[in-house]
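Q:
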Amino acid sequence: MAGALPQPSDAVPQPGAGLSAPVDGPPTTESGLTGETITLRVFKGQPGGEMGYATHQVPEVTGMVVLDAVHWVQRNEDSDLACRWNCKAGKCGSCSAEVNGHPVLMCKTRIDTLPRGPVTVQPMKSFPLIKDLVTDVSRNYETNKLIPPFTAAPDDGTPWRIQQMDIDRLYEHRRCIECFLCQDVCHVNRSHDLSARFFGPRFFVRVASLEMHPKDILDRRDLLRDQGGLGYCNITKCCSEVCPEHIHITDNAIIPLKERVADAHWDPLRWVARKLRGSGTKAGEKAAAE
Amino acid sequence: MSERYQTRECDVLVIGAGGAGLRAAIAAAEAGCSTLVVGKSLLGKAHTVMAEGGIAAGLANLDTPDSWEVHFADTMLGGQLINNWRMVDLYSREVIDRVYELERWGGLFDRTDDGLIMQRAFGAHSWKRLCHVGDRTGLELIRTLQDKMVHTPGTDVLMECTLTRLLTHGDRVCGAFGYLRNTGELIVIRAGAVVMASGGWGRMFRYTSNSWEGTGDGAAMAYEAGAELQDMEFVQFHPTGMIWPPGARGILVTEAVRGEGGILRNSEGERFMERYDPVKKDLSSRDVVARSIYKEVQAGRGSPHGGAFLDIASRRSAADIRKRLPSMCDQFEALAGVDISKEPMEVGPTIHYTMGGIRVDPETAASTLPGLYAAGEAAAGMHGANRLGGNSLGDILVFGRRAGEAAASSAKGLGAKPAVSEKQLADAEAAVLLPLAHDLGEKAENSYVLHRALQEAMQDDAGIGRSEESLNRALTAIGELTERSRRMRAGGGRVLNPGWHTCRDVESMLTVSEAIVRCAIARRESRGSQWRFDFPEKDARLGRTNLVARKRAGAMVVEERPLELMPDDVVTRLARSRFFDPAALPPHYAGKVPAPGPKAH
Chain A
706 MAGALPQPSD AVPQPGAGLS APVDGPPTTE SGLTGETITL RVFKGQPGGE MGYATHQVPE
766 VTGMVVLDAV HWVQRNEDSD LACRWNCKAG KCGSCSAEVN GHPVLMCKTR IDTLPRGPVT
826 VQPMKSFPLI KDLVTDVSRN YETNKLIPPF TAAPDDGTPW RIQQMDIDRL YEHRRCIECF
886 LCQDVCHVNR SHDLSARFFG PRFFVRVASL EMHPKDILDR RDLLRDQGGL GYCNITKCCS
946 EVCPEHIHIT DNAIIPLKER VADAHWDPLR WVARKLRGSG TKAGEKAAAE
Chain B
462 MSERYQTREC DVLVIGAGGA GLRAAIAAAE AGCSTLVVGK SLLGKAHTVM AEGGIAAGLA
522 NLDTPDSWEV HFADTMLGGQ LINNWRMVDL YSREVIDRVY ELERWGGLFD RTDDGLIMQR
582 AFGAHSWKRL CHVGDRTGLE LIRTLQDKMV HTPGTDVLME CTLTRLLTHG DRVCGAFGYL
642 RNTGELIVIR AGAVVMASGG WGRMFRYTSN SWEGTGDGAA MAYEAGAELQ DMEFVQFHPT
702 GMIWPPGARG ILVTEAVRGE GGILRNSEGE RFMERYDPVK KDLSSRDVVA RSIYKEVQAG
762 RGSPHGGAFL DIASRRSAAD IRKRLPSMCD QFEALAGVDI SKEPMEVGPT IHYTMGGIRV
822 DPETAASTLP GLYAAGEAAA GMHGANRLGG NSLGDILVFG RRAGEAAASS AKGLGAKPAV
882 SEKQLADAEA AVLLPLAHDL GEKAENSYVL HRALQEAMQD DAGIGRSEES LNRALTAIGE
942 LTERSRRMRA GGGRVLNPGW HTCRDVESML TVSEAIVRCA IARRESRGSQ WRFDFPEKDA
1002 RLGRTNLVAR KRAGAMVVEE RPLELMPDDV VTRLARSRFF DPAALPPHYA GKVPAPGPKA
1062 H
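Order-wise, the sequence lines are chains A and B. Letter by letter, the first sequence follows residues 706 to 995 in our numbering. Letter by letter, the second sequence follows residues 462 to 1062 in our numbering.
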């Protein structure tokens, strides 16, 4: 392979050669064409107008992901096809959609992992449609505002000492890229309109990352029970299944939070202790609960 | 004001919602200013999210000889001594506080055995210096800042809004004009001061780690309004991007792979960096590693798809790799079907970062235009001719804060918001709507086609290696494309129309590309990321010169700005770097550094 290089080793390098041109193919994204064609059915339309699926025949390239195919359509056949995307590397969580009915990131879904036959791409179902593959996810940002932010004791002086074990536990929750696929697939969101009374999996993960932080001094358990609607979750684990970051949303965020809420409100000994102390739960008890 | 526009008012307008913008907004709001952050994407999706390796700060938690002075020296040497030394001085001192501040706002960092912030080795840093959490430090940083900003009174966010022009009153910047992407509505934002934190630009190149956002709108807008763009010739190739499969080409492979012990090999299995940089080897600076891979490919020792092999599998245990580089494992498994704990990765240089940008004052981040501030990748001076890994996340925190504070103080001193002429608004409106309106028949140009053509020209002729001939070719292409861009036509309506949005992107990219190429032509030397085949050596005079591009009488001119030289007591700090080489000092510093630094341990 290396012997096929265009230039001998002692030649003066020339701009335009080398890295901009892969040695085994033409310098276009069309290099790596498999010769196959993908039938892509993409949802198109906006509320108040015509809506339906447009079918495109997309030339397949080795390792192509669904987002590549959508971009091909934009460049070649439908320049106003709308989709959100940013990093195209599975790190920003922008290109969420439903591919063949499954909520996924388009940038991480390789065409060659899908069954042969037409590939159907549609927007996330649980959010209001804006246009084509783009939905209005602003509700999530409103929910986040309701959650009191990380708060450390002001007298807890720098530098902090925290054990790696604590970081490892929190890191799982902090891996969330806010793709909102868990919010999309959650049946509480999907089948009911409880958005004002139910935070949804993403924000249970968010609260878990705050509640389990060893330096955080707030207590968000009442919020979870009341405004957060934690009780609506009946742990069907759909959210965990679609998480592209493989966060164990149900097992490592929602269930521990449910236990904490139950501890705070239903443990008879704690109930007595609370009555005697005459206050809600505080940082010390929170630490003890861990 | 006309009802054709939605209007907003604020004391400080922050353009860009990445780390620099969010940190600036927090600072401005804390100073008592109403602050509006405008981003092209959803909140939390900005390019900061892509940063993997960590934040460089001289905490000396693991390597006790480290300090802010050594960090200063490494950064200056990495930038080939044409950084603005006062920026680097402020940066290396203050980044330590910014890291601790981030932690106090809820940011996580991996820990040492003693429970302190863990630090990892990185290219051309003398000591273990990068504070990190796994290989997702950027995500952690942006999420922490995002949450802090949302809960800071006085801030507001406008997501998915593209700004196309800075508005001015006399020579003072007093707002911006643009459109809401999701509805196509036009918007006028009037502000007392503006912070440009719009990031860098890589999308005019074919193989880049940048998202669609990296089109250089901020630099282009600032240039159009009269600001000076500095160091535009310096565009960083990250040495390790994915090169296969084709769709994944350009996606970043974090330097943390090498920081954690990974090495580069050629097709003969040789660890070739030992030849190109015997001291720093695989952890040499990015410009050197990228060029070395290029040279190996040129010499016929490339990997099958024209790059090099990056091997961590033989250097660390599989469990270690999964723990320290989780998102790299995921990325290669999902996109390339490669298990990096068992096999080497195939990598090659990818356009990653732009050292150049808006010329600013070191202390206040003020641009050369009153009312306009700039921070982060959109600003120039901090990184000189080449940025060290880990210095961008620190840069956005330190100078984001400084820009926010200075903009707030400027806005507060202003009194009433300056007026904006109706003509300015009408011009801006006509320009942005033109591609939807005019009827050109067969002469109409497609924005995607022009974008692709620009990428070809820039990648081939203004890429990792350049010559006067190639750069002139690129300049000609840019001229032709600029001409054609006046005839761009977008089908569809104003609601979320990417074809129309791309028209604006192309215009920004053409302006910025012209600045890159003109400055690269004028810098007749090789230094840092600028590699001129026809001028392979450094030039002493250019070593004390920054180049700026600015608009004069409607056309772009390149001018020289003398570099402020380091005072004698600062130059001596350079010897604190483990990589200091007295023989490599330029003539204007020769003999000013008494003793060589301590050698590698």
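Just so it is clear, CB atoms sit at the ideal spot from N, CA and C, and this is done for glycine as well.
Is the CB of E564 of chain B under 8 Å away from at least one CB in chain A?
A: yes
Q: Whole angstroms is fine: what's the gap from R862 of chain B's alpha carbon to D856 of chain B's?
A: 10 Å
Q: Residues of chain D with CB under 7 Å from A709 of chain B, in chain order?
A: In the displayed structure, chain D is absent; the protein chains listed are A and B.
Q: Please report the distance separating the alpha-carbon of G837 of chain B from that of M657 of chain B.
A: Per the coordinates, the alpha-carbon of G837 of chain B lies some 9 Å from the alpha-carbon of M657 of chain B.
Q: Taking 8 Å as the CB-CB cut-off, is G477 of chain B touching chain A?
A: no
Q: Is the beta carbon of R604 of chain B within less than 7 Å of some heavy atom of the ligand PLP?
A: By its list of ligands, the structure shown contains no ligand whatsoever, and the ligand PLP lies outside what it can speak to.
Q: Name the chain B residues whose beta carbon is nearer than 9 Å to that of Y937 of chain A?
A: None at all; the shortest Cβ gap to chain B is about 24 Å.
Q: Would R821 of chain A be called buried (16 or more neighbouring beta carbons within 10 Å of its own) or exposed?
A: So R821 of chain A ends up on the exposed side.
Q: Can you name the residues of chain A whose CB is closer than 9 Å to the CB of W673 of chain B?
A: Near W673 of chain B (Cβ distances below 9 Å), the residues of chain A are W790, N791 and K793.
Q: Between B:Y466, B:T829 and B:K999, which lies nearest to V649 of chain B when the distance is taken from Cα to Cα?
A: Considering only alpha carbons, the answer is B:Y466.
Q: Using a Cβ-Cβ cutoff of less than 8 Å, which residues in the same chain neighbour M1068 of chain B once the five nearest sequence positions on both sides are dropped?
A: Summary: the structure shown does not reach residue 1068 of chain B, with chain B confined to residues 462 through 1062, and so no result is reported for it.
Q: Which of helix, strand or coil does DSSP assign to E782 of chain A?
A: Coil.
Q: Return no unless some Cβ of chain B is closer than 8 Å to the Cβ of E765 of chain A.
A: no
Q: Since N545 of chain B sits in a beta bridge, which residues does DSSP pair it with?
A: Looking at the DSSP assignment, N545 of chain B forms no beta bridge with any residue, so it has no partner.
Q: I'd like to check one pair, W662 of chain B with A680 of chain B: are the Cβ atoms closer than 8 Å?
A: yes
Q: Quick one: using the 10 Å Cβ neighbour count with 16 as the cut-off for buried, is E890 of chain B buried or exposed?
A: buried
Q: Give a yes or no on whether the C-beta atoms belonging to A717 of chain B and G480 of chain B are separated by under 8 Å.
A: no
Q: Within a Cβ cutoff of 7 Å, which residues of the same chain sit near R907 of chain A, ignoring the five residues on either side of it in sequence?
A: N845, C881, E883, F885, C887 and Q888
Q: Name the chain B residues that come within less than 9 Å of S784 of chain A, Cβ to Cβ?
A: Residues of chain B whose Cβ lies closer than 9 Å to the Cβ of S784 of chain A are, in chain order, N907, S908, Y909, A951, G952, G953, N958, P959, G960, W961 and T963.
Q: Could you tell me the alpha carbon to alpha carbon distance between N847 of chain B and R736 of chain B, rounded to whole angstroms?
A: 21 Å
Q: Could you check where the beta strand (DSSP E) with K756 of chain B kicks off and where it finishes?
A: Premise fails: K756 of chain B lies in the alpha helix (DSSP H), R747 to Q759, not in any beta strand (DSSP E).
Q: Classify H807 of chain A: buried if its beta carbon has 16 or more other beta carbons within 10 angstroms, exposed otherwise.
A: exposed
Q: On the DSSP letters alone, give me the boundaries of the beta strand (DSSP E) that I743 of chain A sits inside.
A: L738 to G750
Q: When you compare the CB of L1003 of chain B with every CB in chain A, is at least one pair closer than 8 Å?
A: Closer than 8 Å: no.
Q: Would you say M1017 of chain B faces chain A, with C-beta separation under 8 Å as the test?
A: no
Q: With DSSP as the reference, label Q916 of chain B as helix, strand or coil.
A: DSSP places Q916 of chain B in helix when its eight states are reduced to three.
Q: Alpha carbon to alpha carbon, how far is P1047 of chain B from K999 of chain B?
A: 9 Å
Q: For the beta strand (DSSP E) containing I476 of chain B, name the first residue and the last one.
A: Y466 to I476
Q: Could you compute how far the alpha carbon of D968 of chain A sits from the alpha carbon of E601 of chain B?
A: 30 Å
Q: Looking at chain A, which residues of the segment 821 to 843 of chain B have a Cβ within less than 8 Å of any of its Cβ atoms?
A: none
Q: Can you say whether L901 of chain B is buried or exposed, counting buried as having 16 or more other CB atoms within 10 angstroms of its CB?
A: exposed
Q: DSSP three-state call for Q885 of chain B: helix, strand or coil?
A: helix
Q: Check the Cβ of H612 of chain B against every Cβ in chain A and list those closer than 7 Å, keeping chain order.
A: P854
Q: Which residues in the same chain have their Cβ closer than 8 Å to the Cβ of I952 of chain A, if we skip the five residues on either side of it in sequence?
A: E877, H878, R880, C881, V910, S945 and A958
Q: Any chance the segment 769 to 776 of chain B sits against the segment 660 to 676 of chain B, with 3 or more Cβ pairs inside 8 Å?
A: With a cut-off of 8 Å on Cβ pairs, the segment 769 to 776 of chain B is not in contact with the segment 660 to 676 of chain B, counting fewer than three such pairs.
Q: Does G737 of chain A get closer than 8 Å to chain B when you measure Cβ to Cβ?
A: yes
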